[in-house]
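Chains as they are written, first to last, in the working numbering: chain A, 790 to 1037; chain B, 790 to 1037.
No residue lacks a Cβ here, since even glycine has one placed at the ideal position from N, Cα and C.
The block underneath contains the structure these notes are about, expressed in structure tokens.
Protein chains: 2
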Amino acid sequence: MENLNLNKHISGQFNAELEHIRTQVMAMGGLVEQQLTDAISAMHSQDEELAKRVVAGDAKVNAMEVAIDEACVRIIAKRQPTASDLRLVISIIKTISELERIGDGADKICRTALEKYSQQHLQMLVSLESLGRHTIQMLHDVLDAFARMDLDEAIRIYREDKKVDQEYEGIVRQLMTYMMEDPRTIPSVLTALFCARSIERIGDRCQNICEYIFYFVKGQDFRHVGGDALETLLTGKNGTPPATTPTE
Amino acid sequence: MENLNLNKHISGQFNAELEHIRTQVMAMGGLVEQQLTDAISAMHSQDEELAKRVVAGDAKVNAMEVAIDEACVRIIAKRQPTASDLRLVISIIKTISELERIGDGADKICRTALEKYSQQHLQMLVSLESLGRHTIQMLHDVLDAFARMDLDEAIRIYREDKKVDQEYEGIVRQLMTYMMEDPRTIPSVLTALFCARSIERIGDRCQNICEYIFYFVKGQDFRHVGGDALETLLTGKNGTPPATTPTE
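Below is the structure:
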């Protein structure tokens, strides 16, 4: 993991503490990525055992969020960070909240693994698996971008969510036809539908993490600003260079 | 609005700044409550105009979140709060994020207002309206509890969410029967189902705000701790008195 600009601190101890928190965030991210990967596998292969392991593993994700949150509050109280250090801590507090909710999403996806699908309906899990792989990749990439505070990557991933949304809309339409063709399948198809929605929400959460990267790097809140301002962010038309240049 | 323990500050300016942020949070809460109330009305009375006003109003909620967030980061950087002041600021940062998402929920509920339901299916909106009223009350109460940092109220509201969940489960079952009876209604019933889910999620977000009240008052993170620890929190069996006593 790169050290960003942390080396500038006079206090080596402060430096070490910030770095320790970042390491914890990356560890939590790695765990959540594994949980999501396992959840998608469990759903697709109808693996009840794996699903149960994911559900049990969510407690560890939750515990990591609480521990990192405490460490962040402690570092604010003790070191009184300002400027980019404070933005880093605030970005971390918000990012781990998204990671925790992605963990909850993995837990919800696992419910599909316990559903008994007919051979015909197992077919629909193929498109769910494809949507799942898409969000796993997004999560993987956004964690990588967060580790390096890579603005360009964050912008790319932010845009990627539109594709996830389109894929999800297609799945909803497909699932509706299953229900219409055979109303007896409605309960189990609804389970798949809620699963699809949980997966789609993970794309949104990755997009939120991108916004925290924007905030850290540019020192400005880009939430809710819409496409044009984002375009400006991407092409640098607003004339303000990144507040921090990531060290590669 | 009560002043909590803010009067203890040597700096009257700091005091005023913190109080100003709290006032902004309550204003944001009031707006979100109005948005939710209007969304439920628009859904129930199929009022397209009102729905459009709610959708347009969401931008104001978003702008308030960004403004309060900035004020919080500024006060951390400038005043370097510790102990209960820092917990208050952290609780506010997290609470406004929940409020913003409740605002998004109101926006989503409004989509139902634009759906064309048959006379028979308008019936199902009655149960959605009842669920909606339930969450409006929860939101109203939790904002009130937040203003007074009232631990007992927060615990009561936290428990209330179970009833919302049960009501939601009942609605899902009811909506499934509609779909099974007449598969042609599936698309519009699904819209109602997603609406019900958005309403149910608002109960979860109110529950999250309760957890931030616990955190502020008790100085300890009660997330993910489960029913027993909450029971202990309620009855004070853990022997630690509240870190701060709200001034009524």
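Item, Value
"Minimum C-alpha distance to B:L877 - residue among B:F1005, B:Q1009, B:E1020 and B:R1012", "B:F1005"
"Per-residue contacts from B:M968 into chain A (C-beta, under 8 Å)", "M968, P972 and I975"
"Chain A within 7 Å of B:H1013, Cβ atoms only", "yes"
"Assumed close pair B:D847, B:I882 - CB separation to whole angstroms, cut-off 8 Å", "About 20 Å separates the two Cβ atoms, so there is no contact after all."
"A:I944 vs A:V931 beta-carbon contact at 7 Å", "no"
"Nearest neighbour of A:A895, chosen from A:T974, A:G992, A:F935 and A:I879 [CA to CA]", "A:G992"
"Sequence-distant residues of its chain with Cβ nearer than 8 Å to A:A856 (five each side left out)", "Q813"
"Closest Cα partner of A:M969 within the set B:Q823, B:Q996 and B:P976", "B:P976"
"Within chain B, partners of A:N804 - CB distance below 8 Å", "None at all; the shortest Cβ gap to chain B is about 19 Å."
"Rounded separation between A:T974 and B:A981 - CA only", "19 Å"
"CB contact flag (B:Y1001, B:S873, <7 Å)", "no"
"Inside the region 960–1024 of chain B only - beta strand (DSSP E) runs reaching at least 3 residues", "none"
"Range covered by the alpha helix (DSSP H) that runs through A:D858", "E837 to R868"
"Contact set between A:I865 and chain B, taken where Cβ atoms lie within less than 7 Å", "I865 and L875"
"Where B:Q802 falls: helix, strand or coil (DSSP)", "helix"
"Selected residue, minimal CA-CA separation from A:E958, among A:L1022, A:Q802, A:K841 and A:S987", "A:S987"
"Close Cβ partners of B:M927 (< 8 Å) along its chain, the five nearest in sequence each way excluded", "I946, E949, D950, V953, I991, G992 and C995"
"Where the region 875–891 of chain A meets chain B: residues whose CB sits under 7 Å from a CB there", "L875 and I879"
"Rounded separation between A:L1019 and B:G801 - CA only", "40 Å"
"Identity of the residue in B:L917, B:D941 and B:N997 nearest B:R962 by Cα", "B:L917"
"Residues, ordered as in the chain, of the region 806–819 of chain B that lie near chain A by beta-carbon distance below 9 Å", "none"
"Own chain residues within Cβ distance below 8 Å of B:M965, not counting five before or after", "none"
"Chain B contacts made by the region 838–850 of chain A, where a contact means CB separation under 8 Å", "A848"
"Sub-7 Å separation of A:G921 and A:V821 beta-carbons", "no"
"Assigned secondary structure, B:S907 (DSSP; H/G/I helix, E/B strand, else coil)", "coil"
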